[in-house]
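Beneath this line is the structure, given in structure tokens, with notes to follow.
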Amino acid sequence: ARVEQLYPLPISEIMAEMNKHPNAQVLWVQDEPANQGPWPFVWANLFEHLGGRELRRVSRRATASPATGSHHVHEEEQKALITEAFSR
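Converting from the sequence shown to the numbering used here requires adding 2 to each position, the first position being numbered 1.
Quick look at the structure:
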């Protein structure tokens with residue numbers, strides 16, 4: 003499922019989707035680095051509702067800058083991100 007609204011975080015809707023697939027691995031996929039974008043907010047607000055279910059993040063590594071400064075490096079990171087997200 004795709005989360006379109008981050009605030010207020012639609013926790014009941016997210017959990018309803020997760021509960022439809024109790025054996026599925028749950029991933030939060032974002033293009034931004036791990037320490038940027040919605041991940042820190044989502045993790046802090048969703049963690050207590052998971053009931054022990056694992057939520058894995060797929061994103062670029064944490065960094066001080068949102069961009070690599072190199073188109074080639076960006077393309078390689080993007081390719082790796084997509085591969086990791088869809089190979090699970």
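Just so you know, even glycine gets a beta-carbon here, dropped at the ideal spot from N, CA and C.
**Request:** Measure the alpha-carbon distance for residue 62 versus residue 72 and round it to whole angstroms.
**Result:** Translated into the one-based positions of the sequence shown, residue 62 becomes position 60. Translated into the one-based positions of the sequence shown, residue 72 becomes position 70. Straight through space, the alpha carbons of residue 72 and residue 62 are spaced by roughly 14 Å.
**Request:** Given a cut-off of 8 Å, decide if residue 36 and residue 59 are closer than it, judged by their beta-carbon atoms.
**Result:** Along the sequence shown, read from residue 1 onward, the residue named residue 59 stands at position 57. Along the sequence shown, read from residue 1 onward, the residue named residue 36 stands at position 34. Residue 59 places its beta carbon less than 8 Å from that of residue 36.
**Distance, residue 45 Cα to residue 5 Cα** = Working through the sequence shown from its first residue, we reach residue 5 at position 3. Working through the sequence shown from its first residue, we reach residue 45 at position 43. C-alpha separation (whole angstroms): 13 Å.
**residue 7 - containing beta strand (DSSP E), residue span** = As a first step, residue 7 must be located in the sequence shown, where it is residue number 5. Element bounds for residue 7: n/a, residue is neither H nor E.
**Asked** Taking Cβ positions, are residue 48 and residue 13 nearer each other than 8 Å?
**Response** Here residue 48 refers to the residue found at position 46 of the sequence shown. Here residue 13 refers to the residue found at position 11 of the sequence shown. Their beta carbons are under 8 Å apart, which means residue 48 touches residue 13 by this criterion.
**Residue span of the alpha helix (DSSP H) that contains residue 42, given as start and end** = Locating residue 42 in the sequence shown gives position 40, counting from the first residue. 41-48 is the extent of the alpha helix (DSSP H) around residue 42.
**Request:** Using alpha carbons as the reference points, say which of 3, 86, 90 lies closest to residue 20.
**Result:** Residue 20 sits at position 18 when you count from the first residue of the sequence shown. Cα-wise, what sits closest to residue 20 is 3.
**Request:** Indicate whether residue 66 and residue 29 have their beta-carbon atoms separated by less than 8 Å.
**Result:** Numbered from its first residue, the sequence shown carries residue 66 at position 64. Numbered from its first residue, the sequence shown carries residue 29 at position 27. No, Cβ-Cβ distance for residue 66 and residue 29 is not below 8 Å.
**Asked** Leaving out the 5 sequence neighbours to the left and right, which residues in its chain are closer than 8 Å to residue 89 when beta-carbon positions are compared?
**Response** Residue numbering aside, residue 89 sits at position 87 when the sequence shown is read from its first letter. Around residue 89: no qualifying Cβ.
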